[in-house]
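Peer 1: Residues in the sequence shown are numbered consecutively from 3, following our numbering.
Handing you a structure now.
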Amino acid sequence: MTGEGYRVLDDQLKQLKSVERPSVIAAISEAREHGDLSENAEYHAAKERQGWIEGQIAEIEDKISRAQVIDVSKLSGSQVKFGATVTVVDEDTEDEARYQIVGEHEADVKKGKVSIASPIARALISKEVGDVVEVNTPGGVKAYEILKVEWK
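Given below as structure tokens:
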């Protein structure tokens with residue numbers, strides 16, 4: 003994962019541990035004070051929320067513990083690799099697009115970040131400026147020419 007992706011996960015983990023977890027514990031405590039737990043919807047909702055929060059914490063901690071953080075700013079070269087920001091042009095429409103190739107959980111197409119496992123990233127890996135790649139999309143095969151490879 004990129005350093006930015008690691009920071010996002012770490013921030014989410016801190017939020018869950020320092021804000022969400024204490025909040026749900028307080029909600030459970032308050033709901034217990036209302037008496038009969040078997041018919042207490044607030045208690046059951048808070049317990050369900052607590053289970054979800056603990057699951058999220060465990061999942062994020064697992065991702066962080068297994069993460070290999072790549073400092074993209076220290077990478078260079080003309081060949082497309084993980085972390086590269088690639089500018090391509092659609093050969094049919096002449097539309098340009100920029101994509102950064104990132105880890106799976108960091109992907110956000112609206113922000114121009116595509117997963118290393120996505121069809122476009124798989125097609126771009128190991129290619130260089132001037133190469134044309136074909137990508138199978140839901141709308142059919144698209145051809146893209148690589149215009150620029152950047153490391154940011």
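All C-beta atoms in this analysis are idealised placements derived from N, C-alpha and C, irrespective of residue type, glycine included.
None of the values given here were measured: they were computed from a predicted structure.
For K76, write down the residues that DSSP places opposite it in a beta bridge.
Peer 2: K76 is not bridged to any residue.
Peer 1: Using three-state DSSP, classify E35 as helix, strand or coil.
Peer 2: coil
Peer 1: Spell out the partners DSSP gives I103 in its beta bridges.
Peer 2: Residue pairing of I103 in beta bridges, as defined by DSSP: V116.
Peer 1: Roughly how many whole angstroms lie between the Cα atoms of Q17 and I59?
Peer 2: 10 Å
Peer 1: What would DSSP say about Q52, mapped onto helix, strand or coil?
Peer 2: helix
Peer 1: Under 8 Å by Cβ, that's how I've got V135 and L149 pegged, so tell me the actual separation to the nearest angstrom.
Peer 2: V135 to L149, Cβ: 12 Å. No contact.
Peer 1: Helix, strand or coil: how does DSSP classify K65 here?
Peer 2: Look at K65 here: in three-state DSSP terms it is helix.
Peer 1: Using a threshold of 8 Å, state whether the C-beta atoms of V74 and Q52 are closer than that.
Peer 2: no
Peer 1: Exposed or buried, which one is T4 when buried takes at least 16 other CB atoms within 10 Å?
Peer 2: Result: buried.
Peer 1: Buried or exposed for L39, please, with buried defined as at least 16 other CB atoms from any protein chain shown within 10 angstroms of its CB.
Peer 2: exposed
Peer 1: Straight-line CA distance for E108 to A99?
Peer 2: Cα-Cα distance, rounded: 18 Å.
Peer 1: On the three-state DSSP scale, how would you describe K19?
Peer 2: helix
Peer 1: Helix, strand or coil: how does DSSP classify I148 here?
Peer 2: strand
Peer 1: DSSP puts G142 in a beta bridge; with which residues?
Peer 2: Answer is T139, bridged to G142.
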